[in-house]
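Per our numbering, the very first residue in the sequence shown carries number 1; after that it's consecutive.
Every residue gets a Cβ at the ideal spot worked out from N, C-alpha and C, and that includes glycine.
As the structure is a computational prediction, the values presented were derived from the model and not from experiment.
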Amino acid sequence: MKCAILMDNGFEELEAMGPIALLRRGGVDVDVVSVEGNEVTGRFGVTYSPAVPMDDYDFDSIDCLIVPGGPHYKKLETNDKVKKVIRKVFEDDSKVLAAICAAPTVLGKMGLLEGKNYTCFEEMNKDFGGQYHYDYTVTDGNLVTGISAAAAEEFAFAIMEKLCGKEHTDHVKASIYYDAAH
């Protein structure tokens, strides 16, 4: 399985690092893709380098696109190239689209949450035409959404379960002594 995590400067580090680390731990290939340039820096100064510039990346080769939240969402929602990639993944039934915190609002403004169950940062939820749930993660078909940075682990495991199955995901959870009840 292969994922691309798409980010611009200002992304939320925890929402990127958690999924990258846990998915890689689970044997999933994760590529860091930047909107521009060969590095990308988060809102708290953490830089991923090297990153693959999105213009040089083959999004047809992925099984999943992950979009973390953070202040960069304002740039993403106005970037036509980013929206084109998101829509292409969303419309491909063989691919998973995952967005957390502020990032699902980008999908909502694109009309992609209509008729869907989803979550996002609660204060940013608008009438996106779907059913909002105040939960850490919500999976609806090939759409996985997360509520906030606090849900980064749950979000990563929801993606992993969608890509690799429950048994594999439970094995990875056990390997890090993960217990959702604590």
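(request) Assign G146 to one of three DSSP states: helix, strand, or coil. (result) Translated into the one-based positions of the sequence shown, residue 146 becomes position 146. In the structure shown, G146 sits in a strand (DSSP, three-state: E or B).
(message) With the cut-off set at 8 Å, would you say A102 and Y132 are in Cβ contact?
(response) As a first step, residue 102 is located in the sequence shown; it is residue number 102 there, counting from the start. As a first step, residue 132 is located in the sequence shown; it is residue number 132 there, counting from the start. No. Outside cutoff.
(request) Taking the CB atoms as reference points, tell me whether I159 and L23 lie closer together than 8 Å. (result) Here residue 159 refers to the residue found at position 159 when the sequence shown is read from its first residue. Here residue 23 refers to the residue found at position 23 when the sequence shown is read from its first residue. In this structure, L23 lies closer than 8 Å to I159 by Cβ.
(request) Would you list the residues sitting across from K2 in a DSSP beta bridge? (result) Taking the sequence shown and counting its residues from 1, the one referred to as residue 2 is at position 2. BP columns for K2 point to D29.
(message) Taking the beta carbon of E114 as the centre, do at least 16 other beta carbons fall within 10 Å, making it buried, or is it exposed?
(response) Numbered from 1 along the sequence shown, position 114 holds the residue referred to as residue 114. The residue in question, E114, is exposed, as its Cβ has fewer than 16 Cβ neighbours within 10 Å.
(message) Give me, in chain order, the residues of the same chain whose beta-carbon lies closer than 6 Å to that of A4; leave out the 5 immediate sequence neighbours on both sides.
(response) Residue mapping note: residue 4 aligns to position 4 of the sequence shown, counting from 1. D31, V33, I62, L65, listed in sequence order.
(message) To the nearest angstrom, how far is the alpha carbon of D80 from that of V172?
(response) Sequence index remark: in the sequence shown, residue 80 carries index 80 (1-based). Sequence index remark: in the sequence shown, residue 172 carries index 172 (1-based). Cα to Cα, the separation comes out at about 36 Å.
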